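Residue numbers (this note's numbering): 1 to 300. Note that beta-carbon positions come from the ideal geometry of N, C-alpha and C, so glycine has one too. Keep in mind the model is a prediction, meaning the values are calculated, not measured. Quick notes on the structure that follows.
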Amino acid sequence: MEGKIIKGIAGFFYVAPTESKQIYECKARGKFRNENQTPLIGDIVKISTTNYEGSTAGNFLQGTIDKILPRKNKLIRPPVANVDQGIIVFSLSYPVMHLDLLDRFLVMMEISKIDAIIVLNKLDEVINERYKEIVAGYKLTGYNVICTSVKDDNINIEQIKDLLKNKTSFFAGPSGVGKSSLLNAICPNFKLETGQVSQKIKRGKHTTRHTELLTLAFGGYVLDTPGFTSLKFDIIEPNLLKNYFIEFNQYENECKFKGCTHIHEPGCNVKKAVEDNKIYKSRYQSYLNYFEELKNTKKW
Numbered sequence: 001m002e003g004k005i006i007k008g009i010a011g012f013f014y015v016a017p018t019e020s021k022q023i024y025e026c027k028a029r030g031k032f033r034n035e036n037q038t039p040l041i042g043d044i045v046k047i048s049t050t051n052y053e054g055s056t057a058g059n060f061l062q063g064t065i066d067k068i069l070p071r072k073n074k075l076i077r078p079p080v081a082n083v084d085q086g087i088i089v090f091s092l093s094y095p096v097m098h099l100d101l102l103d104r105f106l107v108m109m110e111i112s113k114i115d116a117i118i119v120l121n122k123l124d125e126v127i128n129e130r131y132k133e134i135v136a137g138y139k140l141t142g143y144n145v146i147c148t149s150v151k152d153d154n155i156n157i158e159q160i161k162d163l164l165k166n167k168t169s170f171f172a173g174p175s176g177v178g179k180s181s182l183l184n185a186i187c188p189n190f191k192l193e194t195g196q197v198s199q200k201i202k203r204g205k206h207t208t209r210h211t212e213l214l215t216l217a218f219g220g221y222v223l224d225t226p227g228f229t230s231l232k233f234d235i236i237e238p239n240l241l242k243n244y245f246i247e248f249n250q251y252e253n254e255c256k257f258k259g260c261t262h263i264h265e266p267g268c269n270v271k272k273a274v275e276d277n278k279i280y281k282s283r284y285q286s287y288l289n290y291f292e293e294l295k296n297t298k299k300w
C-alpha cells in the first residue's frame, strides 16, 4: 500500500494512503536506521499492515513502513520532503526581524531547489517605516514578498490562499512570528495553538511541537513547523555560494573574470549592481559573511 507521511510523533509515523481516507499509524523498519535514512514528513512510502506492541494507535490502523520512494527534494530544518514551496514567515514588529537568518533560510531553500515565498507578518504592529526598505530590497531578488496581518482585516490572506491552493507547502520561521495564527486565518478549522511574544526577551514561545501535514479545505497540504532561532550550513563549497543568491545571476555574465566570486575581483558587475542599488546591500553583506564563514569552517 502506498501513502504519504503526514505526521511523526515519538517514533510513530502517520500515513495517509493514496486511495483511502483511513490513517495508518506506522513504525519504520530498522533498516532505515542502518541506512541512515529517517522517514520525513511528506515522504511517499510503501507500507504493510501489521500489529506491534506499544502501539498508541487508538482509532488508527497499524502498519509498517517498508520502503521510502525517491524524493524530489528535502530539507533537514524543517524536516520535510516532497514539497512544492516554502512560506518563510518573519515579523514586522516582534520578535525583531534578523535578515541574516532570513538569508540563511533562502540559501537553504535554493540548495534544496524549493521555491520560496517571503511573508512579513504583523503589519498592524509596524513601529517604523523601515520595513518598506526591506520589502523593496527583497523584491529586487525576484522572490515574492507579501506583507500580512491577521488582526487588521486579514490583510493579504486571500493572496496567500491562492498561492497554497493544490500545492504542498510548509510554513517556517522563528518562534512568535505568527505562523500558526496565519494558518488559522487561512483555514479556521485548523484551530492551531498560538502563543504570545515574551515581553521580557521579545522572543516567541514555541507552540508547534511537532511537524504535521495539514489538509487545506480548498485543496493542497501545508505544514506548520516548529520555530527556530538559528540556522547554519556548511554543506557547500565557498566558490559555489554565489549560485544560491539568485539575484546575482542576471549580472555575473558581465563580470570581467570568468568564475568571479564577486568579492575581490576588479571589473565585477555584481559589485557594481550593489553600488547602483540594483542588488540589496544587506543581501550582499550576508553573502560576504557566509563566504567567509564557509572558507573558515571547511578545508576544500
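DSSP three-state call for residue i: helix, strand or coil?
i	result
L140	coil
N289	helix
T225	coil
T208	Caution applies to T208, whose pLDDT of 46 falls short of 50 and renders its modelled position unreliable; the value that the coordinates give is listed next. Correct three-state label for T208: coil.
L75	strand
N121	strand
K132	helix
T297	helix
D66	strand
S180	helix
I9	strand
I155	strand
S282	helix
R203	Because the pLDDT of R203 is 45, which lies under 50, any placement of that residue in the model is unreliable, and the number read from its coordinates should be weighed accordingly. DSSP places R203 in coil when its eight states are reduced to three.
E247	helix
V126	coil
R33	helix
V197	Residue placement at V197 is flagged as unreliable, the pLDDT there being 47, under the threshold of 50; a coordinate-derived value is accordingly withheld.
E237	coil
M97	coil
E265	coil
L163	helix
D301	No information on residue 301 is available, as it lies outside the stretch 1 to 300 that the chain covers here.
Taking the DSSP output, what are the residues bridged to residue i?
i	result
K4	A16, I44
D115	Q85
N170	Reading the sequence as shown, one finds Phe at residue 170 and not Asn. Answer is G86, L223.
L213	L223
Y24	V15, L61
C187	Beta-bridge pairing links C187 to no other residue.
V270	None, per the DSSP bridge assignment.
I146	V119
V80	I41, L75
S91	N121
T50	DSSP, once it has assigned bridges, lists no residue as partnering T50.
Considering only C-alpha positions, which residue in the set the options is nearest to residue i?
i	options	result
V15	N34, R33, K67	K67
V96	N121, I44, K72, G259	N121
G219	N166, Y251, P188, L183	N166
P302	L75, G86, I263	Residue 302 is absent from the structure shown; the chain starts at 1 and stops at 300.
M1	L40, K46, P78	K46
S169	D115, F105, L240, T261	D115
A81	I235, E19, P266, T211	T211
A43	I5, F32, N34	One point to set straight first is that residue 43 is Asp, not Ala, in the sequence displayed. The shortest Cα separation from D43 among I5, F32, N34 belongs to I5.
I88	D103, Y94, F257, L288	D103
D234	S20, F12, M108, L182	M108
T225	E252, K21, L40, K132	L40
Y217	F105, C187, T18	A small fix is needed here, since residue 217 is Ala in this sequence, not Tyr. Taking only the C-alpha atoms, the option nearest A217 is C187.
L182	F90, C255, S48, K21	F90
I304	N34, Q37, I9, G3	Residue 304 lies beyond the stretch modelled for the chain, which goes from 1 to 300, so this question has no answer here.
I117	L92, T18, P79, A172	A172
G137	F257, Y284, E292	Y284
D100	Y287, N296, T297	Y287
Q37	P17, P79, T49	P79
V177	S93, G267, L223	S93
V83	Y221, E158, P266	Y221
K151	T141, L140, A185, E133	A185
T297	K258, F257, P266, I236	I236
S48	G259, K295, P17	P17
G142	L106, E293, N253	L106
L294	K232, E265, G259	K232
Whole-angstrom Cβ separation of residue i and residue j, contact assumed at under 8 Å?
i	j	result
L214	F190	6 Å
C240	Y290	Strictly speaking, residue 240 in this sequence is Leu, with Cys absent from that position. Actually they are not in contact, since the Cβ atoms of L240 and Y290 sit about 11 Å apart, beyond 8 Å.
N119	I155	Before going further, note that residue 119 is Val rather than Asn in the sequence given. Contact doesn't hold; Cβ gap of about 11 Å is too wide.
S175	L192	At roughly 14 Å, the Cβ-Cβ gap does not stay under 8 Å, so S175 and L192 are not in contact.
Y244	I111	6 Å
For the segment 261-278 against the segment 118-127, are there 3 or more C-beta pairs whose distance is under 8 Å?
Too few Cβ pairs lie closer than 8 Å, so no.
Okay, do the segment 15-28 and the segment 63-79 touch, 3+ Cβ pairs below 8 Å being the bar?
Contact annotation: the segment 15-28 touches the segment 63-79, with at least three C-beta pairs closer than 8 Å.
Can we say the segment 276-295 touches the segment 248-265, given the rule of at least three CB pairs closer than 8 Å?
Touching, yes.
I want to know whether the segment 146-160 touches the segment 70-78 - three or more CB-CB distances under 8 Å.
Because the criterion of three Cβ pairs below 8 Å is not met, the segment 146-160 and the segment 70-78 do not touch.
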